[in-house]
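Structure, as structure tokens:
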Amino acid sequence: MTHLLLDLPPMSAAHFASIEDRVARLLGTRQDVVITQGEALLPLEGAIRATAGPGTTALNIITGPYGQTFGDWLRDCGATVIDLTVPFHTAVTAGQVRDAFAEHPEIGFVSLVHAEAATGNTNPVAEIGEVARAHGALFYLDAVASIGAEPVLPDTWGVDLCVIGAQKAMGGPAGVSAVSVSERAWARMAANPRAPRRSYLSLLDWKERWIDGGRTALPHAPAQLEMLALEACVERIEAVGLDTVMSRHASAAAAARAGALALGGGLEPYVRAAAEAAPVATTLRAPGGTAASELVARALAADPAAPLAAGGGALAGEMIRVNHYGPGSTPGTVRACLTALGTAMSGADLTVNLPAALEAADKAWR
Ligand SMILES: *Cc1c(COP(=O)(O)O)cnc(C)c1O
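Add 3 to a position in the sequence shown, counting from 1, and you land on the number used in the working numbering.
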């Protein structure tokens, strides 16, 4: 008996390369795009270890938990790290980045998370890229939570290392990811004696064994099912149109925000300025006196399918995440989340107005 998931013909190098090209088109980039055989943490870590070392002074911008992780990797590489931490309910500004360069002109590397699904904020990448470029710093960007939800333009913004994954707004698989690499970034890696080589983390291996050889022979067995899923996911985005996919996410964020405010009961958007709220997911502040994790547990008891989660780690007490991304970027999902939250809040003796919340959400859907 043959099996759809098991008995597939081998994936050819040409097929693999064509999927890379499609991802490059999605990013609008002329840089090399390397598809990495693992979850996005693989290229995120690989790109830092390849380009940072004891001679690097890195400006690490922290707007959520991923920025904290990048700082740990950078320090582990021997880099001197200047952390620029902003409160998680805001975005960083280009002015803050400019000030950091004024104070530390030796900065040669900037790491930034575009949008943070974990905190719900989104950062002004274009303006920060301009500052980084003006100072000749290498610019590393985690666009895992922004790709598909809002524009990601590595070439226009001067991003040297742009990491994406398909599992959020693209509505695709989590087991493969990609990074676009500029010529400057390749040169930095080649000059770094500590850049991983002959390692699962190595981007240089892929350059030498795959790209430089004209992408004719795959260095490893491809993660075939994930590659096919990635191809299907990009095909679907192309068919609907990337702009349509992004506008669905923008509408979902606007609807979730408006709905939460109209629900009342003390529920508030976590990210204070709407312009700094990420289209990928909406974070909410649990009403005073309640624990976000308990409200989420109640909401999930009412509707186990609602894509709700409490904030991670220390944020579990105060933050509720509405993960309206990928297949969840629909009016129905936003309504379901508001309904489940309204039920949970009523159950916790809070006064809410669910009809007003649903009406506000529908109205805000653009
Ligand atoms: C989701 C996400 C990732 C991927 O990591 P997971 O822990 O597997 O979800 C990386 N960076 C950011 C900013 C993300 O939101």
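Beta carbons: idealized from backbone N, C-alpha and C, even for Gly.
Distance cut-off 7 Å: residue i Cβ against heavy atoms of ligand 1
i           : result
residue 145 : yes
residue 116 : yes
residue 121 : yes
residue 169 : no
residue 362 : no
residue 69  : yes
residue 279 : no
residue 42  : yes
residue 148 : yes
residue 177 : yes
Continuous alpha helix (DSSP H) stretch holding residue i: start and end
i           : result
residue 19  : 16-30
residue 348 : 334-350
residue 104 : 97-106
residue 86  : That residue, residue 86, is in no alpha helix (DSSP H); its beta strand (DSSP E) goes 83-88.
residue 324 : Not the alpha helix (DSSP H): residue 324 falls in the beta strand (DSSP E), residues 322-325.
residue 115 : It is not in any alpha helix (DSSP H) - residue 115 instead sits in the beta strand (DSSP E) that spans 112-116.
residue 362 : 357-367
residue 215 : Residue 215 -> no alpha helix (DSSP H), and no H or E assigned at all.
residue 46  : 44-54
residue 9   : Here residue 9 belongs to no alpha helix (DSSP H), and DSSP marks it neither H nor E.
residue 208 : 206-209
Residue from the options with nearest C-alpha to residue i
i           : options               : result
residue 109 : 117, 59 and 67        : 59
residue 346 : 143, 45, 360 and 322  : 360
residue 79  : 261, 70 and 55        : 55
residue 262 : 81, 115 and 362       : 362
residue 337 : 37, 253 and 14        : 253
residue 330 : 310, 322 and 105      : 310
residue 317 : 368, 205, 67 and 32   : 67
residue 151 : 315, 231 and 239      : 239
residue 364 : 64, 265, 177 and 313  : 265
residue 283 : 332, 158, 322 and 133 : 332
residue 185 : 175, 176 and 210      : 210
residue 324 : 349, 297 and 350      : 297
residue 116 : 248, 52 and 71        : 71
residue 22  : 101, 5, 36 and 86     : 36
residue 106 : 114, 86, 356 and 149  : 86
residue 341 : 355, 39 and 193       : 355
residue 161 : 129, 270 and 276      : 129
residue 125 : 74, 154 and 219       : 154
residue 269 : 334, 94 and 353       : 353
residue 299 : 343, 334 and 271      : 343
residue 17  : 98, 217 and 9         : 217
residue 313 : 328, 334, 292 and 288 : 288
residue 7   : 348, 291, 231 and 20  : 231
residue 11  : 228, 135 and 237      : 228
residue 136 : 320, 180, 281 and 187 : 187
residue 62  : 138, 358 and 175      : 138
residue 369 : 334, 132 and 350      : 334
residue 281 : 149, 182, 156 and 175 : 149
residue 285 : 294, 271 and 237      : 271
residue 81  : 214, 51, 321 and 158  : 51
residue 328 : 192, 25, 4 and 249    : 249
residue 156 : 358, 132 and 251      : 132
residue 178 : 302, 83, 75 and 41    : 41
residue 351 : 292, 319 and 4        : 292
Range of the contiguous beta strand (DSSP E) that encloses residue i
i           : result
residue 313 : 311-313
residue 73  : Residue 73 -> not in any beta strand (DSSP E); alpha helix (DSSP H) instead, spanning 68-79.
residue 35  : 35-39
residue 61  : 60-65
Ligand 2 heavy atom lying under 7 Å from the CB of residue i
i           : result
residue 273 : By its list of ligands, the structure shown excludes ligand 2, since it contains just ligand 1.
>> My parser needs the alpha helix (DSSP H) runs of 4 or more residues fully inside the region 130-193; what are they?
In response: Whole alpha helix (DSSP H) segments, 4+ residues: 157-160 and 186-193.
> Which runs of the alpha helix (DSSP H) spanning at least 4 residues fall entirely within the region 225-296, listed in chain order?
Replying inline: Correct list: 227-243 and 245-266.
> Below 8 Å, can you find three or more Cβ-Cβ pairs linking the region 292-308 to the region 113-129?
Replying inline: The region 292-308 and the region 113-129 do not touch, with fewer than 3 CB-CB distances between them shorter than 8 Å.
> Hey, is the region 39-51 in contact with the region 250-264, meaning 3+ C-beta pairs nearer than 8 Å?
Replying inline: Pairwise C-beta distances place the region 39-51 out of contact with the region 250-264, as fewer than three of them are shorter than 8 Å.
> Three or more beta-carbon pairs under 8 Å between the region 164-171 and the region 217-226, yes or no?
Replying inline: No, the region 164-171 does not touch the region 217-226.
> How about the region 198-212 and the region 133-145: do they share at least three Cβ pairs that are nearer than 8 Å?
Replying inline: As far as the Cβ criterion goes, the region 198-212 does not touch the region 133-145, which means the pair count is below three.
> So does the region 30-42 actually touch the region 157-167, counting three or more Cβ pairs closer than 8 Å?
Replying inline: Yes: the two stretches touch, three or more of their Cβ pairs being nearer than 8 Å.
> For the 8 Å Cβ check, are there 3 or more pairs between the region 186-202 and the region 272-283?
Replying inline: Fewer than three beta-carbon pairs drawn from the region 186-202 and the region 272-283 are found closer than 8 Å, and the two stretches are therefore not classed as touching.
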